[in-house]
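So in the numbering used here, the last one in the sequence shown is 462, and the numbering has no gaps at all.
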Amino acid sequence: MNQSRAQHTPRGVGVMCDFHADRAENATLWDVEGRQFTDFAAGIAVLNTGHRHPRVMEAIAAQLGRFTHTAYQVVPYAGYITLAQRLNEIVPIKGPNKTALFTTGAEAVENAVKIARAYTGRAGVIAFSGAFHGRTLLGMALTGKVTPYKVGFGPFPSDIYHAPFPNALHGVSTAQSLQALESLFKTDVDPNRVAAIIVEPVQGEGGFQPAPADFMRGLRAICDRHGIVLIADEVQTGFGRTGKLFAMQHFDVQPDLMTMAKSLGGGMPLSAVSGRAEIMDAPLPGGLGGTYAGNPLAVAAAHAVLDVIAEEQLCDRAAALGQQLKTHLEAQRAKCPALAEVRGLGSMVAAEFCDPATGAPNAEAASRVQKRALDAGLVLLTCGTYGNVIRFLYPLTIPQAQFDAALAVLTQALAA
Ligand SMILES: Cc1ncc(COP(=O)(O)O)c(C=O)c1O
Numbered sequence: 047m048n049q050s051r052a053q054h055t056p057r058g059v060g061v062m063c064d065f066h067a068d069r070a071e072n073a074t075l076w077d078v079e080g081r082q083f084t085d086f087a088a089g090i091a092v093l094n095t096g097h098r099h100p101r102v103m104e105a106i107a108a109q110l111g112r113f114t115h116t117a118y119q120v121v122p123y124a125g126y127i128t129l130a131q132r133l134n135e136i137v138p139i140k141g142p143n144k145t146a147l148f149t150t151g152a153e154a155v156e157n158a159v160k161i162a163r164a165y166t167g168r169a170g171v172i173a174f175s176g177a178f179h180g181r182t183l184l185g186m187a188l189t190g191k192v193t194p195y196k197v198g199f200g201p202f203p204s205d206i207y208h209a210p211f212p213n214a215l216h217g218v219s220t221a222q223s224l225q226a227l228e229s230l231f232k233t234d235v236d237p238n239r240v241a242a243i244i245v246e247p248v249q250g251e252g253g254f255q256p257a258p259a260d261f262m263r264g265l266r267a268i269c270d271r272h273g274i275v276l277i278a279d280e281v282q283t284g285f286g287r288t289g290k291l292f293a294m295q296h297f298d299v300q301p302d303l304m305t306m307a308k309s310l311g312g313g314m315p316l317s318a319v320s321g322r323a324e325i326m327d328a329p330l331p332g333g334l335g336g337t338y339a340g341n342p343l344a345v346a347a348a349h350a351v352l353d354v355i356a357e358e359q360l361c362d363r364a365a366a367l368g369q370q371l372k373t374h375l376e377a378q379r380a381k382c383p384a385l386a387e388v389r390g391l392g393s394m395v396a397a398e399f400c401d402p403a404t405g406a407p408n409a410e411a412a413s414r415v416q417k418r419a420l421d422a423g424l425v426l427l428t429c430g431t432y433g434n435v436i437r438f439l440y441p442l443t444i445p446q447a448q449f450d451a452a453l454a455v456l457t458q459a460l461a462a
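Dropping the structure here:
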C-alpha cells in the first residue's frame, strides 16, 4: 500500500506512519495487519473524547437517520442554532455572543479575520513567530513557520505582520515580544490600520508554548488602546485539553473572537467562530458560511462531545493526566540529558529536546524517541519551529492502565 500511496498521492501530503488504519476505539488504533497502537496523536488533537465515543456515535447515527445535508444557509436546522447557543454560553467572552459554524480550523481562522476586518474597516493582521493557523492562503500567511508550510506557495496576502512569541528557553522575554509589537507600529504598520491580533493561548504546532499571562494582558491592553480585535485561536487548545474547557480561561483577559475546531466535532469536521455579537454581526448577510459549514452530522457529534466533556469531567481528567505525565517526564531527565524542558498546561504537554552542551534544538533526539515509541506501539507527534519537541495529545478518555503502560513505553524510548 505504501508504494501505491507514493504512486497516487502527492508527496506534499506528507504521511508520518508507514502502516494504514483499519479501526479504532477510544485510545487504541489497529492497523490493517491487526497490529495494535496506543494513539497519543488523536488525529492531531481531534479526539479529546477518544475514537468513536459511544455517545458521539449514537448522536451521529440518530442524525444519519434524519438528514445529512441541507446547506444551513438554504434550509436551517435547530442543531446548528442550539450548538451556537451552547458555545455562546461557554466561551470565555462576556456576551452577548454569537457563533458561526464552519468546517476546518483554517476556515475558522479565515472567517475570524474577515469578521474583524468587516467590523474595524481595517486591513492589517498581526500574528506571531511559531504560530500555526492553517494551510489556506491566509492561514499560511498568518503561520509563523516557513518550512514546510510556506515554501513555494507565495506571494502571500498583504498586510500580514509577525512579531516574536515569548519563549523563555530560547531567550525571548514577554517584554521583548511586546516591545517588538510597539516597534512594528513604528516601522511597518500604523496601529490604526490593524484589524486584528491573532494568538494561540498555547502555541500548538509551534511547540506547545503557553503564552505568559503578562503577555496576554499586554496584548489585550494594546488591542484596547488601538481598537484592534483580539482573536484567540483555540483550534488546538480547546475542549478540555489544557485542563479547562478553553485555554483562555487560564488568563484573566478575554479575547473578542475565538476560533475552535478539532475536538469540537469528536472526529467529524467542524469549526466555529464565536465572539462579541456586535463584531460577529459586521459582515453582510451571505458574507459568511459555506456549502458544508455546520454539517448536521458534525453538529450532532459536537452536542454529544460537549455533554461527554461535562459528564465525564474531562477537564479535571486532563489536569490529572497532564500532571502525571509531567512528573513522569521530569523523572526521566537525569537519564535523558537531551530532554531540555518539560512544560504545558493540563494535558497539552511538551517535551523539548536540545543539545545539553550548546542548548541548540535537537530534532534528531525528538524523532529518535518518536520512532522508538512507534516501534513499541505508541503513536507520538513532534512539533516546534525546529521540530525538536514531542507533544502529547492522548484522548482524555484513555483508561488509566493504558496510560500507565504508555508511560512505561515512553520511559524505554527516552532511555534507549
Ligand atoms: C491553532 C491552529 N489553528 C488552525 C489550525 C488549522 O486547522 P485545520 O487543519 O483544521 O485547517 C490548526 C491545525 O493544526 C491549529 O493548530
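All C-beta atoms in this analysis are idealised placements derived from N, C-alpha and C, irrespective of residue type, glycine included.
For this session: State the DSSP-derived secondary structure class of Q458, mapped to helix, strand or coil.
Result: helix
Exercise. With 9 Å set as the bound, which would you pick, yes or no: does the beta-carbon of G80 sit closer than that to a beta-carbon of chain C?
Worked result: Protein chain content of the structure displayed is limited to a single chain, and chain C is not contained in it.
For this session: Consider the C-beta atom of H179 and the heavy atoms of ligand 1; say whether any pair is separated by less than 8 Å.
Result: yes
Exercise. If you measure from the CB of I90, is any heavy atom of ligand 1 nearer than 8 Å?
Worked result: yes
Exercise. Rounded to whole angstroms, how far is the Cβ of T288 from the Cβ of A364, which I believe are closer than 8 Å?
Worked result: 7 Å
For this session: Go through its chain and collect everything with a Cβ distance to G176's Cβ below 6 Å, but skip five positions before and after it.
Result: G190, F211, Q249, G252, T431
Problem set entry | A87 in three-state terms, based on DSSP | coil
For this session: Report whether the distance from the Cβ of Q255 to the nearest heavy atom of ligand 3 is below 8 Å.
Result: Judged by which ligands are present, ligand 3 is missing from the structure shown, whose ligands are ligand 1.
Exercise. Among V354, F254, D302, which one has its Cα closest to the Cα of A241?
Worked result: D302
Problem set entry | Q119 beta carbon less than 9 Å from that of G311 | It is not a contact, given that the beta carbons lie outside the stated cut-off.
Exercise. Fully enclosed by the segment 269-324, which alpha helix (DSSP H) runs are 4 residues long or longer?
Worked result: None, since the segment 269-324 contains no complete alpha helix (DSSP H) of that length.
For this session: With DSSP as the reference, label C63 as helix, strand or coil.
Result: coil
For this session: For my contact list, M262 and V281 are in at a C-beta cut-off of 8 Å; report their separation, rounded to the angstrom.
Result: Not confirmed; about 17 Å, so no contact.
Problem set entry | Any non-hydrogen atom of ligand 1 closer than 8 Å to T283 Cβ | Yes, Cβ of T283 sits closer than 8 Å to a heavy atom of ligand 1.
Problem set entry | Proximity of A105 and A318 at Cβ, strictly below 9 Å | A distance of 9 Å or more separates the beta carbons of A105 and A318.
Exercise. With burial defined as no fewer than 16 other Cβ atoms inside 10 Å of the residue's Cβ, what is the status of C269: buried or exposed?
Worked result: Its Cβ being crowded by 16 or more others within 10 Å, C269 is buried.
For this session: Please work out which residues of its chain come closer than 8 Å, Cβ to Cβ, to A108, disregarding the five sequence neighbours upstream and downstream, and give them in chain order.
Result: A346
Exercise. Quick one: what does DSSP say Y207 is sitting in, helix, strand or coil?
Worked result: strand
Exercise. Does the segment 335-344 come close enough to the segment 369-386 that 3 or more CB-CB pairs lie under 8 Å?
Worked result: The answer is no - the segment 335-344 does not touch the segment 369-386, with fewer than three Cβ pairs under 8 Å.
For this session: Could you check what DSSP says for P342 in three-state terms: helix, strand or coil?
Result: helix
For this session: Report yes or no: do the segment 226-245 and the segment 145-162 share at least 3 C-beta pairs separated by less than 8 Å?
Result: These segments touch.
Exercise. Are the segment 143-159 and the segment 391-399 touching by the rule of at least three beta carbon pairs closer than 8 Å?
Worked result: no
Problem set entry | Own chain partners of I444 with C-beta closer than 6 Å, once the 5 adjacent residues on each side are dropped | A73
Exercise. Taking 8 Å as the cut-off, does the CB of K160 come closer than this to any heavy atom belonging to ligand 1?
Worked result: Checking every heavy atom of ligand 1 against the Cβ of K160, none is found closer than 8 Å.
For this session: Compute every distance between the C-beta of T288 and the non-hydrogen atoms of ligand 1, then say whether any falls below 8 Å.
Result: no
Problem set entry | Limits of the unbroken alpha helix (DSSP H) element including E228 | Counting along the chain, the alpha helix (DSSP H) containing E228 begins and ends at 220-233.
Problem set entry | Residues that DSSP places opposite P256 in a beta bridge | V248
Problem set entry | Entirely enclosed alpha helix (DSSP H) segments - the segment 394-436, minimum 4 residues | 409-421
Problem set entry | At least 3 beta-carbon pairs within less than 8 Å: the segment 402-410 vs the segment 50-66 | no
Exercise. Residue range of the alpha helix (DSSP H) that L375 falls in?
Worked result: 360-378
Exercise. Which value, in whole angstroms, describes the spacing of the CA atoms of A130 and T114?
Worked result: 19 Å
Problem set entry | contact_flag[the segment 133-140, the segment 195-214] where n(CB pairs < 8 Å) is 3 or more | no
For this session: Reducing DSSP to helix, strand and coil, say where E79 ends up.
Result: In the three-state scheme derived from DSSP, where H, G and I count as helix and E and B as strand, E79 is classed as coil.
For this session: Please classify R69: does DSSP put it in a helix, a strand, or coil?
Result: Under the three-state reduction of DSSP output, R69 falls in the strand class.
Exercise. Would you say the beta carbon of T114 comes nearer than 8 Å to a heavy atom of ligand 1?
Worked result: no
For this session: Could you please give me the residues that DSSP links to R389 through a beta bridge?
Result: A396
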